[in-house]
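Residues 150 to 1098 (my numbering) are what the sequence shown spells out, left to right. Just so it is clear, CB atoms sit at the ideal spot from N, CA and C, and this is done for glycine as well. Remember, it's a predicted structure, so these values are computed and weren't measured experimentally. For reference, the structure discussed in these notes is given below.
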Amino acid sequence: MKLSAATFYALLAGLFAVAIRDVLFGYEENGCSMTYMFEYPEYQRIRLPKRLQRQYPSYGLYLYGEGSYAEENKKLKLTGIPVLFLPGNAGSYKQARSIGSVALRKAENIDNRFHLNVFTVDFNEELVALYGGSLQRQTKFVHECIRAILKLYKDQTAPPSSVAVVGHSMGGIVARALFTLPKFNHRLISLIITQATPHQGPVLPLDSDLLDFYVTVNQRWSERAQELRNVTVLSVGGGFRDYQVRSGLTALPCPSDDPNKLSLVSTAVPRTWVSTDHLSIVWCKELVLATVRTFFDLVDPDTKQIAQDPEKRMAVIRHHFVRHPVKIYDDTEDDVITFSVPSEVWTKVLAPTLSYTSPTEPRTKYCIFPLSSHRKSYSHFHCRSSNLEMSSWLFGCTQSNGLACLQAVDLSWETELLPAFKVLTLKLDDYPSFSHIVVSASNISMNVQFFSVDCEFFNEVSRIVSTPVTHVLSFGVTVSEVVLHPTGLIHNIQLQDFHQMHQAFTIRIESRCQTPQEGKHSVYRLRVPWFREDSFTTARYSSGSSVAQISARLHSPRPDNTSTASLQLHTSPECQYTVTIRTSVFQVLGQILRFHGSCLPVYIAVCILLAYEGQLYSLLTTGHTVELGKALSASAKPYRVVPVINILLYLLSVGWLQAGWSALSLPPLDVPPLSEDRGDWSPLVSLLLFMFGSAIAYWGSALLGLALSLLSVPLSAIHRPSTSPSSSRLGSRGQISLMVFLVVICWTTCGALAMIITYLIYLYKVLRLQMSERTLKHVLNLFSPQAPTQSPGRAAGPGVCVKEGGGGAVETPGPQGPPVSCNGSGLVSVSVLEDTREDLYLHLTLLTLLTLPVLLSAPSFIYWTKNLRYSLRLDPDPCWPVGIILVISAVLLMSSSTASIQRSKLLKASAKLQLPVTIAMVAFALLHLYRVSHFIALTLSLHALSCLI
């Protein structure tokens, strides 16, 4: 039985390891380039009023500078555009050097016509993603910083009236939280750019202050959406490399019709196209360049400050982050073009396709396509060029002489930049006034040696293929295959039923070409229309063929049924493409862990509580307890909890039952993580998470027991273990003194500190039990080899007494019947070993239970230690209420034994309570992890009462 349980949990641990590997390592290599400083970075501290220094002693405001720029600004006579960088969770104010240094180089390139003054805030590297008590303080301090920054420009003739904010991680939430302050002027901020900021909710909801802060911020932005429409907000997620904040959480919770809010993933950003981890998103050169270019294009040439027009701000952001047209942004450029070039540079193309490669020498050439002969046969015109010069290249002709175009409209602003070339697709019905389409194939720059231009007319219907993806439960056995014969430049494969967050596929694209395609590329784009999380894969041809593999996964589920994910292929018309889609089991496990990993502490606690219930029932029925691993395999069954939650979900979907639930002021069920995609197999996700939780509990407790066993060996040489039953008395003076001491620590300093001290004392208690069990077992094995080392039961087996003393050891057979503890100095019996072992089983379970609240309170403890020089007491302290209960209960439990618990009148009630507690924990703690400590405190307090009653 024990071997089979270990094998089962080993299998589950293996699956969990596979999921962990996919989350931590299942992504492409870091494609970001590093940003470098050309001069030594300097951070000049801005002197704030003494009132603020006393109120926020651990915070600071700095101005970034390098070289001569830093020297010029020593007196703070600033003339630039203020930009404020807000670091995130445990972030440093020095992270602003990337954007600050690139901004300085950009200003030098334009002869310092204008420049950015990059300010940065020091938050003392606080763990605000895990401890929410300081978020409000940070928000108020940033408000004061913005006011102080604007005062530095008061001597200018046209001082800035607002500050642009760049927030990394939780810094983005603090930036949005400014608008919740009662005295905050909304005009102080017109632009917010956030990087890897979890806007939807906290990654780990470890305390109520953190959740309340999120509710306040998101509720304010929702209620005042109309009022805040003029505030431009861009949120950039890092993609799958960022395993700390999944990109689905970075989507802004704002109305879909708000034109000034934009959320996207770095893989979809033009000229970036890479995934970034949580830290590299700050220094990734490709993203930093896009951000700095955005700031400089946003500058109003008249005021030399950020433009006040929200439409222009969003147009510039879309230019750099959504659809780069391979042109320098210019909102004053005239779209009407007049051609005055000789007729010999014009080539009339009558065929529906064009493939042109430019010569190496400079040459002017225009290709003109008459539309009259193609409108009836084709619906779209598509063209691509590998010439990535920042210039216009495609036009719609409005006046022509038949051979050449005289006047045209510049359509190049509709161009989309891809990793290997630029493309433009036109729907012919949208341009009825155009007589021709003009494509520039000119090579007039010395920087471009040669390039290719490929164009075609096509019918959209003929280029769209729809195929169902394989089912998640197919486990990669079945495949879905699409064959694209040589036809054209662009194809779209609609991936039916690909919309759930748990789905993950490996898409293999293999091409076979009729002619060599050396030097050419194909680009494959996974399009997700409901969230800008597109990813690009480039395949280079070798010997007339290419092979590419794409990992198809989602960052967010589809919110409705109006859109479909698709695979867009930019192909060669001379090649055949075979696309195979196969479910990736490993990536499915990774997706489940990526989206629901925060729920695992709940399921771990549930499994331990169910095992604890099994131990209590064993004690109640047989008079003996069992070890935690055996109790887990016997009692931690998912069918005892998961179906009840599903039934509750079904019942609360009924309107009148839901109304009654709300009328009773009961909290809503914490179920969105398991059903936000409305998947038909969400119950299977709950089952898998339960199994993962049981495996972690099993092996975690086994490792804890092994560590205690190994640690007890050297401690035995220092501290002589006892071979007699514990003589500690419940309610003794020492026990009461310890309780008072720990409660005072909890009240006056930090609740997490009191819990850690209690845990260490309890750990020492269990260590002493481990040493006693080891010594008793050694003595009985050494002096009584014929006697059993473990009694089969209190009601069977002979007793064996061993006398320890200077005169040696004498075996004395006890009376037939139950073995009893022999009286007298130095006498032990098998029953003492049995009692000690059972006490060890029970206390090891209680110690494992106590481990979870201690781990969940660790962020509060870390925050308290970092700020100890400023304040002795943690304020606010989310741990002290539950900490007091846990401390008192744990102190009482330290002196308990299985014998005292067995005699308790509350034993039966305590055993029966565990199942309702586990159900309530799954129902109400998945989105509120701090409630796990509350439920464990309830269990331990009842156990403590069992020792007294």
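- In the three-state DSSP reduction, C899 falls in the coil class, being neither helix nor strand.
- Between A903 and L912, the C-beta spacing is not below 7 Å.
- P722 and L638 have their C-alpha atoms some 6 Å from each other.
- Where C554 is concerned, the enclosing beta strand (DSSP E) starts and stops at C554 to D559.
- Assignment of alpha helix (DSSP H) within the segment 232-297, counting only whole runs of 4 or more residues, yields 246-258 in chain order.
- For K1057, the uninterrupted alpha helix (DSSP H) segment begins and ends at L1056 to F1073.
- Judged by DSSP secondary structure, L575 falls within the beta strand (DSSP E) whose first and last residues are K571 to K576.
- Beta-carbon to beta-carbon, R676 and A714 are separated by about 7 Å, close enough to satisfy the 8 Å threshold.
- Taking all protein chains shown into account, N608 has fewer than 16 neighbouring C-beta atoms within 10 Å of its C-beta and is therefore exposed.
- The beta-bridge partner set that DSSP reports for R512 consists of N592.
- Counting along the chain, Q375 sits inside no alpha helix (DSSP H), nor does DSSP assign it H or E at all.
- DSSP places D446 inside the alpha helix (DSSP H), whose first and last residues are K434 to D446.
- Positions of the beta strand (DSSP E) runs, each at least 3 residues long and wholly inside the segment 203-229, are given as 209-215 in order along the chain.
- Taking 7 Å as the cut-off, the beta carbon of I699 is found no closer than this to the beta carbon of T720.
- Setting aside the 5 residues that flank it on each side, T416 is surrounded in the same chain by G388, W422, V423, S424, E682, D683, S684 and F685, each with a C-beta closer than 8 Å to its C-beta; the list follows chain order.
- If you look at E563, you'll find it isn't in any beta strand (DSSP E); DSSP assigns it neither H nor E.
- Only exposed fits D483, as fewer than 16 other CB atoms lie within 10 angstroms of its CB.
- Taking the Cα of T487 as reference, the smallest distance to any Cα among D559, K453, D426 and Q663 is reached at D559.
- Runs of the alpha helix (DSSP H) lying entirely within the segment 736-813, each at least 4 residues long, are 749-771, 777-784, 791-801 and 804-812 in chain order.
- Among the bridge pairs identified by DSSP, V696 is matched with E659.
- As DSSP reads the structure, M539 sits in no beta bridge.
- Across the structure, T506 and C662 are spaced so that their CA atoms are roughly 19 Å apart.
- With respect to the 7 Å criterion, F839 and Y752 are classified as neighbours on the basis of their beta carbons.
- Between V385 and A400, the alpha-carbon positions lie close to 8 Å from each other.
- Contact between H640 and V614 is confirmed by a C-beta separation of about 7 Å, below the 8 Å threshold.
- By the neighbour-count definition (other C-beta atoms within 10 Å, threshold 16), Y185 is an exposed residue.
- For G240, the closest C-alpha among the options H427, I730, S1009 and Y392 is that of H427.
- For F1010, the enclosing alpha helix (DSSP H) begins and ends at A1007 to K1015.
- Taking all protein chains shown into account, H620 has fewer than 16 neighbouring C-beta atoms within 10 Å of its C-beta and is therefore exposed.
- E565 and S535 have their C-alpha atoms roughly 12 Å apart.
- Boundaries for I613: no alpha helix (DSSP H) harbours it, while the beta strand (DSSP E) harbouring it runs I613 to P617, taken from the DSSP string.
- If you keep only unbroken alpha helix (DSSP H) runs of at least 4 residues inside the segment 162-207, you get 199-204.
- For E605, the secondary structure class from DSSP, reduced to helix, strand or coil, is strand.
- DSSP links F544 through a beta bridge to D559 and V587.
- Of all alpha-carbon atoms in A245, L276, P231 and F333, the one lying nearest the alpha-carbon of L299 is that of P231.
- Rounded to whole angstroms, the gap between the alpha carbons of L265 and G216 is 15 Å.
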